[in-house]
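Reading through the structure tokens given below for one structure.
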Amino acid sequence: MARYLVIVESPAKVKTIKKFLGSNYVVTASQGHVRDLPKSQLGIDVENDFEPKYITIRGKGDILANLRKEVKKADKIYLATDPDREGEAISWHLYVALKLEGKKVYRISFNEITKNAVKASIKDAREINMNLVDAQQARRALDRMVGYKISPLLWAKVKRGLSAGRVQSVALRIIADREEEIDAFIPEEYWTLDATIHVEGEKKPLVASFYGKDKKKMTIHSKEEMDQIVREIEHEKFFVDEVKVSERLKKAPLPFTTSTLQQEASKVLNFATQKTMRIAQQLYEGVDIKGSGTIGIITYLRTDSTRISDEADAAAREYIREVYGENFVAEGEKKKASEKKIQDAHEAIRPTDLSRTPASVKESLTRDQFRLYQLIWKRFAASRMQPAKFESTSVKIGAGAYQFSVSTSKVVFEGFRIAYVESDEEKMASNLLVKGLDQDSVLTKEALEEKQHFTQPPAHYTEAALVKTLEELGIGRPSTYAPTISTIIARRYVSKENKNLYLTELGEVVNNMMKQSFPSIVDVNFTANMEGLLDMVEEGKVEWKSVIRNFYPDLDEAVKVAEKELESVKIEDEVTDVICEECGRNMVIKYGPHGRFLACPGFPECRNTKPYLEKIGVPCPLCGKEVVLRKTKKGRKYYGCEDNPECEFMSWQKPSKEKCPECGGYMIEKGNKLVCADEKCGYVRNNKKN
């Protein structure tokens, strides 16, 4: 009886796949990568045309020994690693490590772990695709060069525990640039005016918002402008000027890609990107469903494609027809126009069977698995459905030369919204009074409400917003978003508070060094172009080593220049006037993984350390003592009084010695401007110091 060996990556898949194949199939796992570049050295032979030096990963010897025993007994070997570049590379490493040359070896891949998909993959077995392997080798080599060449420089300059990375350093720069934008942002004043209007014959009043003058939209910038408008409107009669009824279609959303799933799971479920990927991996590899056994209930989770297979599309339409009705079924296949390379021609993320509803599997899943599966199920069902139809009524109300506007929208046909409503869909106005308004309606003004507002700075990045930006800029790939964000948080370059990502003092130091010494590495366009080159390697249009040959000399030159500059800057510990209470020496400023701190120079005899509070030479606006630079527990910078907690002064922006000439309050630095800390005052002038 023939014996076939199937090697997968994850032990979790073994159980799922084993039951789909006959008794003559042995299924075993490599448990991820078996070979990699050594940790102790660069691992790329620069003198020998950048040949990588792969070694067996520590701890994988026993796994390989067991796999070799199974290989000897097998008539055919199927390498069933993940269906992407990295999975292809793992298959190739297994081929080399297990010395499979001359044996009957086949590469199989499946987008979902279901009986049909696994059996079909055996029929469609192929050779290892070396273009995919080479694209992964190129990525690994580039990442290794950047990490191993630049990290020691950061270490030398800022002391210990730091690292640089090809994608990680760009992500850090994107966050740092946004922080600079926020710090330099100066709020601008604007006003809104709402009119409460009585409609004859109605009990409930109508609230209309100021629109503009002479049928042109206008913004009210100041109290003076507001007073002028109110004076002119005060004695005018209000009347219905225009009523517009229109129909609006909202298209069904596309099914999830890795990026959109991470974004939506963050907004709706409050999941970190890494948590989303971990749970999606469980749903893909297989969960024990009552009545069905262990089965993969979603398709492969690393994809930037929105394509759906013809079989899945037909099955979904049939399900929608039966459950919701013919009029809910979408007319044609939804396709996303994209010039970008679609990773490995994958499908979008979808349930492996739409008739396996979230309710039917709820008891078999953990709470988080259920919530993520429900999100994926609803989104996919909606993607195969008709658009939603809305009827919008917009009314312009005149008052002399001025106009106010009020509108409402009602759902005429639910369409896809019967299955799924997107997280960012605006709340629909429910102003039912608008429906009965026409040009004969008699209106009476009851009150005018004036409100002062200030424009808000750009929002801090959240994980979801950063993933969206990385995808839009073409930086990284579906498999890299979560690890990149996790790395910059783990390195304490960025802190995460209430979903928002903030640059830490350490992150600022590293980002400034990277921008100064390695501008191309942290250049957004350069990194996006590099991704494009890797895609061309995958397509067989570019030889992988030529990418490395073109990249390395510039990196090597930049490292040599940076090393010379670092040599010329002798980094000595800065001595302070703070006396060590344990041994009487003057304490010095040192850098650690969490930023700067005070340490006794008598180490190791004296191990005394304490937080370093840098005085900025500005008296506290509340009590007159010194303002110092402090950090939150997660490393985010702020300015506070040295007498904290007795004095509660705190500011995210650096305060200035100067008082505001308008209101006498304290001023803060924003870019090259000095701004009154009281938004209502709004005083701004150029910072003479800058």
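Residue numbers for the sequence shown follow full-length UniProt numbering, so the first one is 1 and each next one is one higher.
Cβ atoms here follow ideal geometry from the backbone N, Cα and C, with glycine treated the same way.
The Cβ neighbour count for Ser246, taken over all protein chains shown within 10 Å, is under 16; the residue is labelled exposed.
Straight-line spacing of the CA atoms in Ala490 and Arg384 works out to 40 Å. Look at Ser546 here: in three-state DSSP terms it is helix. Annotation for Tyr106: the continuous beta strand (DSSP E) segment containing it runs Val105 to Arg107. Between the alpha carbons of Thr444 and Ser423 lies a gap of roughly 38 Å.
In this chain, Phe50 is not harboured by any beta strand (DSSP E), its DSSP state being neither H nor E. The Cβ-Cβ distance between Ala184 and Gly671 falls below 8 Å. Membership of His453 in the beta strand (DSSP E) is indicated by the continuous run Leu443 to Phe454.
The beta carbons of Phe50 and Tyr552 sit closer together than 8 Å.
The C-beta of Thr276 has 16 or more other C-beta atoms within 10 Å across all chains shown, which makes the residue buried. Its Cα nearest to that of Pro255, the residue Leu375 stands out among Cys681, Asp82, Leu375 and Val675. According to DSSP, residue pairing for Glu626 in a beta bridge involves Pro619. Between the stretch 235-244 and the stretch 344-358 there are fewer than three inter-stretch CB-CB distances shorter than 8 Å, so the stretches are not counted as touching. Taking Glu538 as the centre and dropping the five residues before and after it, the same chain places the C-beta of Arg85, Asn131, Leu132 and Ala135 closer than 7 Å to its C-beta, in chain order. Distance from the Cα of Leu249 is smallest, within the candidate group Ser409, Ile175, Gln137 and Ser394, for Ser409.
For Trp92 against Ile128, the beta-carbon gap comes to about 5 Å, under 8 Å, which counts as contact. Within a 10 Å sphere around the beta-carbon of Trp377 sit 16 or more other beta-carbons, which makes this residue buried. In the structure shown, Gly540 adopts coil according to DSSP, grouped into three states.
When secondary structure is reduced to three states using DSSP, Pro351 falls in the strand class. Rounded to whole angstroms, Asp353 and Glu331 show a C-alpha spacing of 21 Å. Within the same chain, Cβ atoms closer than 6 Å to the Cβ of Val27 are found at Val6, Val14, Ile17 and Lys18, the five residues on either side in sequence being excluded. Judged by DSSP in its simplified three-state form, Phe603 adopts coil rather than helix or strand. Segment contact: the stretch 192-209 against the stretch 444-460, three or more CB-CB distances shorter than 8 Å; contact assigned.
Relative to Val421, the option among Pro387, Ser441 and Tyr54 whose CA is nearest is Pro387. The residues Leu503 and Asn511, in chain order, have a CB closer than 6 Å to that of Ala176 in the same chain once the five nearest residues on each side in sequence are set aside. Annotation: Thr257 to Tyr300 spans about 10 Å, alpha carbon to alpha carbon. In the DSSP annotation of this structure, Ala388 is not part of any alpha helix (DSSP H); the continuous beta strand (DSSP E) holding it starts and ends at Ala388 to Ala399.
Distances from the alpha-carbon of Lys104 to those of Tyr95, Lys659 and Glu112 put Tyr95 closest. Taken atom to atom, the span from the alpha-carbon of Lys72 to that of Tyr78 is near 14 Å. The beta carbon of Ser259 sits closer than 6 Å to those of Val467 and Glu471, all from its chain and outside the five residues before and after it, given in chain order.
In this structure Glu463 touches Ala272 by the C-beta definition: roughly 6 Å separates them, less than 8 Å. Annotated as proximal: Thr527 and Ile475, with beta-carbon spacing under 8 Å. Counting only runs of 3 or more residues that sit fully inside the UniProt domain "Toprim" (3-113), the beta strand (DSSP E) segments are 4-8, 25-29, 76-79 and 105-107, in chain order. Comparing alpha-carbon positions, the option among Tyr461, Ala138 and Gly293 lying closest to Leu533 turns out to be Ala138. Spatial neighbours of Thr114 in its own chain (CB-CB distance under 7 Å, excluding positions within 5 residues in sequence) are listed in chain order as Ile295, Gly296 and Thr352. Fewer than three pairs of CB atoms, one per stretch, sit closer than 8 Å, so the stretch 212-231 makes no contact with the stretch 356-367.
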